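Enquirer: Can you read through this structure? Questions will come right after.
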Amino acid sequence: MANQPIGHAHRSSQPNSSTTQFHPSYSDPDADIILQSDDGVMFRVHSLIMKMASGFFRDMLGLPGSHVDQAPIMVTESSPTVAVLLSMIYPSIGISQIDPVYIWDTLKAADKYDMPSVLLTMGHLIGVYSRAGDTDPIKTYAYACRYGWEDVAKVASTRTLDMNLSSLSVADISLMDSASLFRLQSLHRSRRDVLLELMDIEVGSASTHVVFHRCGNKERPFDSLWGCCAARGKSQFWIVAKHMVSQEMEKCPLGRNLRLEEFWNRPELTPLWKVIDHPGCKCGNRCMVFDKKATMKEVMRVLDSDQLPLTI
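If you read the sequence shown in the working numbering, its first letter stands for residue 91, the second for the next number, and so on.
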């Protein structure tokens, strides 16, 4: 079976002992098979360990005459990835952490070679790195959904709230199935929709909102406002403000720019802060209906509240 591809690995010619580079951790002469990485590094490994850890190698090495000679088994992964993969299945070596650079290649290799114990370990490690902010949130979310790591997926989904999903590359989107993508999009949309709903100004005792504006220069709960003042919440200027907030939440559901005074100082919002008189006002005062600082403060309060979802 020399030089005959089998799945994702195949036999090479016999290694030249004078030029062969063996990985220092995997050079045991008693090992009965040799793996060769795509960058030419050799790994002497024990077929029993490979068959116990990998469904792929269990099937491959179970074929008649599969390792009669010592021709290396070529694999398509780099030597660092192969070393990480083997360290997770060799009881005498073990590994406590991985360089984040090799996380995704190791994960894909574990999947390709059907190594369930490695996938389980990778799930724990990726979860730790994700919570520390050391992994790409989209990749983390996509793979967590693929392998059923719900806790990891939840943490990663929260980390995506600082991103604009519409700017994702085709490669990023292709990592997710339709259900996983829909869940993530729903989280992003729901934060925007809930915030906009809470920005609706209504009069009623059941309202839990904190008023955005001042009536008679005093902050009051909604059920204490005159109807004429509450009606100003339907003004074209407030509608423009909500539209601008919606656009910002679309770009960044975490509401990063809404926390900055620069957003509220934008010229498009200037007319909102200048609305003072209102025909038919019954409160007897000149009301600054939309106070800039109070509005910004209230939007920030809602953004930080548990009323907006943080995870899928």
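Each residue gets a CB set at the ideal place from its N, CA and C atoms; glycine is no exception. The model shown is predicted, which means the values in this text are computed figures rather than measured ones.
1) Whose CA, out of 140, 250, 148, lies closest to the CA of residue 339?
2) Determine the burial state of residue 278: buried for a count of at least 16 other Cβ atoms within 10 Å of its Cβ, exposed for fewer.
3) So what does residue 132 bridge to, in DSSP terms?
4) In the structure shown, what three-state DSSP assignment does residue 144 receive?
5) Could you pull out every residue in the same chain whose Cβ sits closer than 8 Å to the Cβ of residue 341, ignoring the five residues on either side in sequence?
6) So for residue 354, helix, strand or coil by DSSP?
7) Are the Cβ atoms of residue 133 and residue 141 separated by less than 9 Å?
8) Out of 150, 169, 118, state which residue places its alpha-carbon closest to the alpha-carbon of residue 126.
9) With H, G and I counted as helix, E and B as strand and the rest as coil, what does DSSP make of residue 450?
10) Closest by CA to residue 402, which one among 176, 232, 115?
11) Reducing DSSP to helix, strand and coil, say where residue 248 ends up.
12) Less than 7 Å between C-beta atoms, sequence neighbours within five positions excluded: which residues of the same chain meet that for residue 230?
13) Skipping 5 residues on each side, what residues in its chain have a beta carbon closer than 7 Å to that of residue 192?
14) Which residues in the same chain as residue 228 place their Cβ atom closer than 6 Å to its Cβ, once the five residues preceding and following it in sequence are excluded?
15) Between which two residues does the alpha helix (DSSP H) containing residue 284 stretch?
16) Counting Cβ pairs, one atom from each stretch, are 3 or more of them under 8 Å apart for the region 376-395 and the region 343-359?
17) Within the present structure, is the beta-carbon of residue 279 separated from the nearest heavy atom of the ligand SAH by less than 8 Å?
18) Secondary structure at residue 217, three-state DSSP: helix, strand or coil?
19) Check whether the Cβ atoms of residue 145 and residue 212 lie closer than 9 Å to each other.
20) I'd like the span of the alpha helix (DSSP H) that includes residue 177, first residue to last.
21) Around the C-beta of residue 270, are 16 or more other C-beta atoms found within 10 angstroms, so that it is buried, or is it exposed?
22) Taking residue 276 as the reference, which of 385, 350, 399, 267 has the closest Cα?
23) In chain order, what residues of the same chain lie with their CB nearer than 6 Å to the CB of residue 224, ignoring the 5 residues before and after it?
24) Count the other CB atoms, across all protein chains shown, that sit within 10 Å of the CB of residue 197; report buried if there are 16 or more and exposed otherwise.
25) Going by beta carbon distance, what residues of the same chain come within less than 8 Å of residue 152, once the five residues before and after it are set aside?
26) Taking 9 Å as the cut-off, decide whether the C-beta atoms of residue 325 and residue 282 are in contact.
27) So for residue 265, helix, strand or coil by DSSP?
28) Please work out which residues of its chain come closer than 6 Å, Cβ to Cβ, to residue 289, disregarding the five sequence neighbours upstream and downstream, and give them in chain order.
Expert: On the basis of the data shown:
1) Start at 1 with the first residue of the sequence shown, and residue 339 comes out as number 249. It is 250 whose Cα lies nearest to the Cα of residue 339.
2) For the purposes of this step, residue 278 is taken as the residue at position 188 of the sequence shown. Answer is buried; the Cβ neighbour count reaches 16.
3) The residue given as residue 132 occupies position 42 in the sequence shown. Bridge partners of residue 132: 112, 126.
4) Here residue 144 refers to the residue found at position 54 of the sequence shown. When DSSP states are grouped into helix, strand and coil, residue 144 belongs to the coil group.
5) Here the question's residue 341 lines up with position 251 in the sequence shown. Answer for residue 341: 254, 347, listed in chain order.
6) Stepping through the sequence shown from its first residue, residue 354 is reached at position 264. In the structure shown, residue 354 sits in a helix (DSSP, three-state: H, G or I).
7) The sequence position of residue 133 within the sequence shown is 43, counting from 1. The sequence position of residue 141 within the sequence shown is 51, counting from 1. No, they are not a contact pair.
8) One-based indexing of the sequence shown puts residue 126 at position 36. Ranking 150, 169, 118 by Cα distance to residue 126 puts 169 first.
9) The structure shown does not extend to residue 450, since the chain is modelled only from 91 to 402, so the question has no answer here.
10) Walking along the sequence shown from the start, residue 402 turns up at place 312. Nearest of 176, 232, 115 to residue 402, Cα basis: 232.
11) What you label residue 248 is simply residue 158 of the sequence shown in a count that begins at 1. The answer is helix: DSSP assigns residue 248 an H, G or I state.
12) Position 140 of the sequence shown holds residue 230. 216, 220, 242, 246.
13) Here the question's residue 192 lines up with position 102 in the sequence shown. 170, 171, 174.
14) Here residue 228 is taken as the residue at index 138 of the sequence shown, counted from 1. In chain order, 262 place their CB closer than 6 Å to the CB of residue 228, counting only its own chain and leaving out the 5 sequence neighbours on each side.
15) Taking the sequence shown and counting its residues from 1, the one referred to as residue 284 is at position 194. That run of the alpha helix (DSSP H) goes 268-288.
16) yes
17) Absence of the ligand SAH from the depicted structure is noted, as is the absence of any ligand whatsoever, leaving it without description.
18) Locating residue 217 in the sequence shown gives position 127, counting from the first residue. DSSP places residue 217 in helix when its eight states are reduced to three.
19) In the sequence shown, residue 145 corresponds to position 55, counting from 1. In the sequence shown, residue 212 corresponds to position 122, counting from 1. Contact annotation: residue 145 and residue 212 have beta-carbon atoms that are not nearer than 9 Å.
20) Numbered from 1 along the sequence shown, position 87 holds the residue referred to as residue 177. Run containing residue 177: 169-177, per the alpha helix (DSSP H) assignment.
21) Position 180 of the sequence shown, counted from the start, is the residue given in the question as residue 270. Flag for residue 270 reads buried.
22) On the sequence shown, residue 276 is found 186 positions in, with the first residue counted as 1. Of 385, 350, 399, 267, the residue nearest in Cα terms is 399.
23) Mapped onto the sequence shown, residue 224 falls at position 134. Excluding residues within five positions, the ones whose Cβ falls inside 6 Å are 190.
24) Here residue 197 refers to the residue found at position 107 of the sequence shown. Residue 197 comes out buried.
25) Stepping through the sequence shown from its first residue, residue 152 is reached at position 62. Leaving aside the five residues that flank residue 152 on each side, the residues in its chain whose CB is nearer than 8 Å to its CB run, in chain order, 141.
26) Here the question's residue 325 lines up with position 235 in the sequence shown. Here the question's residue 282 lines up with position 192 in the sequence shown. Not in contact: residue 325 and residue 282 (Cβ atoms no closer than 9 Å).
27) The sequence position of residue 265 within the sequence shown is 175, counting from 1. Residue 265 falls in the coil class under three-state DSSP.
28) Working through the sequence shown from its first residue, we reach residue 289 at position 199. These residues qualify, in order along the chain: 332.
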